[in-house]
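For the sequence shown, full-length UniProt numbering assigns the number 537 to the last residue and increments by one with no breaks.
Positions of the beta carbon are idealized from the N, C-alpha and C atoms, including for glycine.
All values reported here derive from a predicted model rather than from experimental measurement.
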Amino acid sequence: MEESEIRNRADPGHTMPGGDKRDSMTQTESRIGLQGHGPRLSKVNLFTLLSLWMEQFPQEQRQEDHHSEIRRMGLVVVRDSKVVGLHCSGPELHAGQAAIIHHGACLADCQLYFSRRPCATCLKMIINAGVSQISFWPGDPEVSMLRSTSAKHSSSHSPPECITEDAALDAVAAEKLKSNSRPHICVLLQPLAPGLAQFVDETSRECDFIERMIDDEPGLNTDTLFHRERTRLLKDFSRQLLVRTSQQHREILTHMGLENFCVEPYFSNLRHNMRELVEVLATVAAAVPLQHYGFYREQHSTSEPALASSLPPHHEGLSQEVARHCIIQARLLAYRTEDPKVGVGAVIWAKGPSAGSDGTGCLYLVGCGYNAYPAGSQYAEYPQMDNKQEDRQRRKYRYIVHAEQNALTFRTRHIKPEEPTMLFVTKCPCDECVPLIRGAGITHIYTTDQDRDKDKGDISYLRFSSLKNINKFIVSTRSHELFDVLLLVQLRKIESSDLISLYCLHSGRGAQPLLTMPVSSTLLSLRFRMGLQCLVV
1 MEESEIRNRA
11 DPGHTMPGGD
21 KRDSMTQTES
31 RIGLQGHGPR
41 LSKVNLFTLL
51 SLWMEQFPQE
61 QRQEDHHSEI
71 RRMGLVVVRD
81 SKVVGLHCSG
91 PELHAGQAAI
101 IHHGACLADC
111 QLYFSRRPCA
121 TCLKMIINAG
131 VSQISFWPGD
141 PEVSMLRSTS
151 AKHSSSHSPP
161 ECITEDAALD
171 AVAAEKLKSN
181 SRPHICVLLQ
191 PLAPGLAQFV
201 DETSRECDFI
211 ERMIDDEPGL
221 NTDTLFHRER
231 TRLLKDFSRQ
241 LLVRTSQQHR
251 EILTHMGLEN
261 FCVEPYFSNL
271 RHNMRELVEV
281 LATVAAAVPL
291 QHYGFYREQH
301 STSEPALASS
311 LPPHHEGLSQ
321 EVARHCIIQA
331 RLLAYRTEDP
341 KVGVGAVIWA
351 KGPSAGSDGT
361 GCLYLVGCGY
371 NAYPAGSQYA
381 EYPQMDNKQE
391 DRQRRKYRYI
401 VHAEQNALTF
411 RTRHIKPEEP
421 TMLFVTKCPC
431 DECVPLIRGA
441 GITHIYTTDQ
451 DRDKDKGDIS
461 YLRFSSLKNI
471 NKFIVSTRSH
481 ELFDVLLLVQ
491 LRKIESSDLI
501 SLYCLHSGRG
511 AQPLLTMPVS
521 STLLSLRFRM
531 GLQCLVV
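In structure tokens form, the structure reads like this:
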């Protein structure tokens with residue numbers, strides 16, 4: 001565990017961030033060198049950001065009740081510095097309860113990162129499971145102190161002194177559990193590495209998803225689009241994850257037994273670090289805007305007639321909102337990369353046979369990873385250069401472990417052939433990873449194809465196009481998505497007055513009539529260039 005952290009169980013003199021420390025299992029925390037090496041997210045900040053982002057996981061039952069005392073929450077389960085669980089609150093289960101259901105006794109010796117302080121009901125079960133550490137975001141807790149169910153204080157920003165009896169009792173119980181527990185229950189926050197905020201902003205504006213938008217619409221002002229999306233997200237995240245006023249925040253910290261943080265300069269530093277992390281989250285998410293943008297299935301030719309029957313049941317793609325959320329999970333992971341130039345993140349989710357009661361529904365995490373050098377290596381122990389280096393022995397490609405490879409290697413459970421298993425990766429899979437993806441049983445890939453069919457010497461992307469029996473969902477702007485739709489319609493003898501109606505499915509919003517046309521032949525082949533899936537009836 002990195003040492004530059006803010007801890008709750010410490011004298012104020014020991015709560016401030018210390019200097020950077022080299023992680024014995026990875027390379028240095030940040031490096032900005034002559035080659036433009038970018039800084040990295042620390043493990044603590046990565047896990048914290050993932051927990052904050054999991055709180056935003058799309059829900060089938062829209063909009064949280066803003067007058068409810070119980071707030072949604074995200075949770076990251078970590079074992080041996082590897083993410084083994086991503087959870088969020090659902091209609092019935094809290095995030096902590098979902099972790100108990102999914103992991104059970106396997107939570108022993110794990111570290112848990114919550115996007116809020118968990119309620120006493122969850123906390124007692126988690127402590128009982130034998131976790132080694134519980135970290136939480138020091139904002140409004142799961143049993144809200146900013147919300148009131150009374151008519152008198154109906155505002156979502158009610159003064160903390162007006163908290164309900166249940167919220168007060170939960171705070172007392174949680175503090176008692178914390179004081180008497182074996183696990184270390186604390187607040188872990190670190191200042192960003194120097195230059196990281198700027199690095200995230202620059203790389204987000206130029207990522208493959210933005211480049212694809214530029215390719216599809218050369219006249220599109222992506223800077224304006226990115227800025228508008230980031231501003232919107234920052235406003236939303238600040239409202240949900242930050243405490244509006246210093247007075248409110250001090251009151252909440254005091255109720256949670258975090259009085260040490262209320263003393264300056266620790267209080268100002270705490271709020272500053274929280275604000276910086278929320279800004280990073282908004283920047284990373286803004287690179288995958290939802291409006292006029294999505295992941296669309298690449299159509300297959302008639303040479304693959306058995307594709308549908310070879311895939312598991314319930315193999316339809318995810319909603320655009322869920323696909324986007326998973327890709328942003330991968331984007332966050334990419335900022336932990338050890339590659340000096342290109343950060344890649346990958347997340348694997350599987351779809352179970354029935355929906356659960358937690359926030360991710362029927363989805364459960366299989367594995368995740370980012371590109372890095374072999375575990376245990378030290379910085380500069382392996383070559384760092386790309387194909388611009390003429391001496392091929394000094395290139396990185398034979399040493400770097402790809403994001404997909406790490407996600408598969410450190411997966412938390414077996415991939416089941418009968419369940420759809422979805423890989424979300426921030427760059428087009430290369431020829432080294434394609435056989436692994438096929439062999440592992442991945443059924444869906446969500447990615448960008450900016451490098452498709454390119455041969456860059458020591459790394460190439462020629463196999464992706466010929467990858468069979470896997471649904472490929474490629475990112476594209478909706479108005480310019482290319483669907484090579486070959487509609488083969490076997491018709492019986494019909495009169496010229498008979499009609500075939502074409503319907504379109506637009507982002508899962510149901511069928512809409514596109515056109516109706518007479519047909520006089522027994523075979524109809526149509527090609528469309530549009531952001532729609534077409535059906536023939």
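Beta-carbon separation (whole angstroms), residue i vs residue j, contact threshold 8 Å
i      : j      : result
THR443 : ILE474 : 16 Å between Cβ atoms; not a contact.
ARG230 : ALA282 : 5 Å
CYS430 : TYR461 : 5 Å
ILE70  : VAL187 : Going by Cβ atoms, the distance from ILE70 to VAL187 rounds to 21 Å, so no, they are not a contact pair.
ALA346 : GLY369 : 6 Å
TYR382 : HIS102 : Incorrect: roughly 36 Å between the Cβ atoms, too far for contact.
GLY439 : THR421 : Rounded, the Cβ-Cβ distance is 12 Å, inconsistent with contact.
ILE437 : ALA350 : Contact doesn't hold; Cβ gap of about 14 Å is too wide.
CYS110 : VAL131 : 5 Å
LEU41  : ARG336 : 5 Å
CYS362 : GLY352 : 5 Å
Where residue i falls: helix, strand or coil (DSSP)
i      : result
ALA108 : coil
GLU55  : coil
CYS368 : strand
CYS122 : helix
MET213 : helix
ARG345 : Correcting the residue type first, residue 345 is Gly in the shown sequence and not Arg. The answer is strand: DSSP assigns GLY345 an E or B state.
Inter-residue spacing [alpha-carbon to alpha-carbon] between residue i and residue j
i           : j      : result
CYS428      : VAL344 : 10 Å
ASN180      : LYS124 : 11 Å
GLN60       : ALA193 : As written in the sequence, residue 60 is Glu, which differs from the Gln given in the question. Each residue's Cα considered, the two are about 37 Å apart.
GLU211      : GLU217 : 10 Å
MET530      : SER476 : Its pLDDT being 36, under 50, MET530 is placed unreliably by the model, and the measurement read from it follows with that caveat. Distance between the alpha carbons of MET530 and SER476 is about 11 Å.
residue 554 : ALA197 : Residue coverage of the chain in this structure runs from 1 to 537, which leaves residue 554 outside it and unanswerable.
PHE295      : VAL288 : 10 Å
CYS122      : ASP358 : 14 Å
LEU241      : VAL278 : 8 Å
ARG147      : THR164 : 9 Å
LEU459      : GLN405 : Per the sequence shown, residue 459 should be read as Ile rather than Leu. Taking the straight line joining both Cα atoms gives about 15 Å.
ARG205      : CYS119 : 38 Å
LEU234      : LEU225 : 14 Å
VAL401      : ASP166 : 49 Å
LEU253      : ASN260 : 9 Å
LEU46       : ASP455 : 32 Å
HIS87       : LEU52  : 11 Å
MET213      : TRP137 : 35 Å
ALA403      : ALA372 : 7 Å
When the options are compared against residue i, the one with the closest alpha-carbon
i           : options                           : result
GLN56       : LYS82, GLU338, ALA95 and GLU69    : ALA95
GLN247      : ARG392, ASP140, ALA197 and ILE328 : ASP140
GLY54       : MET73, LEU46 and ARG40            : A small correction: the amino acid at residue 54 is Met; Gly does not occupy that position in the sequence shown. MET54 has its Cα closest to that of MET73, out of MET73, LEU46 and ARG40.
ARG275      : VAL243, HIS292, ILE252 and GLY294 : VAL243
VAL366      : ALA334, GLU321 and GLU419         : GLU419
ILE126      : LEU112, TRP137 and ARG116         : LEU112
ASP339      : ARG324, ARG395 and GLN320         : ARG395
ALA173      : LEU93, GLY257, VAL77 and SER132   : GLY257
SER466      : ARG324, THR337, ASN371 and GLU298 : GLU298
THR203      : PRO417, LEU318, ASP170 and LEU332 : LEU332
ARG117      : GLY195, VAL83, ASN128 and LEU177  : LEU177
SER268      : SER42, ARG250, THR254 and LEU46   : ARG250
ILE134      : ALA330, GLY90 and ARG182          : ARG182
VAL425      : ILE415, ARG411, ILE445 and PRO417 : ILE445
VAL44       : ILE470, PRO191 and THR245         : PRO191
ILE348      : VAL322, THR48, CYS110 and SER115  : VAL322
GLN291      : THR222, ALA350, PRO353 and LYS341 : THR222
residue 577 : TYR293, THR360 and ALA285         : Any property of residue 577 remains undetermined from this structure, which presents the chain solely from 1 to 537.
SER68       : GLY85, MET145 and ALA108          : MET145
C-beta neighbour in chain C for residue i, strict 7 Å
i      : result
ILE437 : Absent here is chain C; the protein component of the structure consists of one chain.
Buried or exposed by the 16-neighbour rule on C-beta atoms within 10 Å, applied to residue i
i      : result
ASP208 : buried
GLN97  : buried
ALA168 : exposed
ILE435 : Residue identity differs from the one stated: residue 435 is Pro in this sequence, not Ile. Counting Cβ neighbours within 10 Å, PRO435 comes out exposed, since fewer than 16 surround it.
ARG392 : exposed
THR409 : exposed
HIS272 : exposed
VAL76  : buried
HIS227 : exposed
GLN378 : exposed
GLN35  : Legend: pLDDT at GLN35 = 42, less than 50; position of this residue unreliable, value from coordinates given subsequently. Classification for GLN35: exposed.
ASN471 : buried
VAL263 : exposed
PRO417 : exposed
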